[in-house]
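For reference, the structure is listed below as structure tokens.
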Amino acid sequence: MFIHVGLILLILVSITYAAAVLRKIEGDVVQHQRDMRTLEEEHHQLEVACNTLGELLSQVGDELASAQAEVMRLSDEKAQQEAALAALEEAPKQRLFLVDRSTLTQAKLWEVTILNGGAGNGPGVPVATSMEWAAGRTYLIAGATDRDARYRAEPRFPSGQGYRIAKIERFRRA
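Those letters in the sequence shown? Residues 48 to 221, by this note's numbering.
In structure tokens:
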């Protein structure tokens with residue numbers, strides 16, 4: 048009988064222990080399922096974040112490519128502008144010659160362009176001077192009208208010596 052009672056007690060303790068182990072296993076399974084759901088949610092969030100970052104990366108790549116193209120265009124434009132500036136700086140300047148300072152305050156100023164193809168062809172005359180006369184020198188001459196400016200220029204540059212008045216314009220430079 049002690050053996051029967053001992054066996055029954057042993058069976059009851061075993062059942063109780065088995066029930067406790069099963070409850071523990073059941074709790075572990077529930078915890079594992081919760082962890083798996085959390086892990087799946089985090090995995091989904093990471094996938095969304097990766098996709099978003101991929102899209103942003105492609106947008107930034109496109110913007111970077113367009114910015115680099117713009118930089119290249121601007122650097123080419125800068126090089127062209129610098130070349131144009133260098134060409135302008137190398138080009139001969141148009142000089143203005145002043146005939147009479149005393150009349151400058153009395154009337155309007157006129158730019159009178161005077162040509163002389165034969166001037167400066169003699170020995171010892173620089174080629175630049177000869178070319179300048181052939182292209183025309185611009186003189187500032189005071190006068191009320193363009194006719195007055197022509198009238199004042201003709202005695203200084205007689206046509207008998209090869210001078211010719213090419214054009215007369217109002218002086219507008221600042």
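The beta carbon of each residue, even a glycine, is placed where N, CA and C say it ideally should be.
Could you give the residue range of the alpha helix (DSSP H) that holds Tyr186? Tyr186 -> not in any alpha helix (DSSP H); beta strand (DSSP E) instead, spanning 184-190.
What does the Cβ neighbour count give for Leu54, buried or exposed, with the cut at 16 atoms within 10 Å? exposed
Assign Arg184 to one of two classes, buried (16 or more other C-beta atoms within 10 Å of its C-beta) or exposed (fewer than that). With 16 or more neighbouring CB atoms inside 10 Å of its own CB, Arg184 falls in the buried class.
With a threshold of 16 other CB atoms inside 10 Å of the CB of Ala200, please say whether the residue is buried or exposed. buried
Rounded distance between the beta-carbons of Leu162 and Arg211, thought under 8 Å: 5 Å
Between the C-alpha atoms of Ser105 and Val118, what's the straight-line distance to the nearest angstrom? 20 Å
Measuring alpha carbon to alpha carbon, tell me which residue in Val107, Trp157, Lys140, Ala138 is nearest Asp147. Trp157
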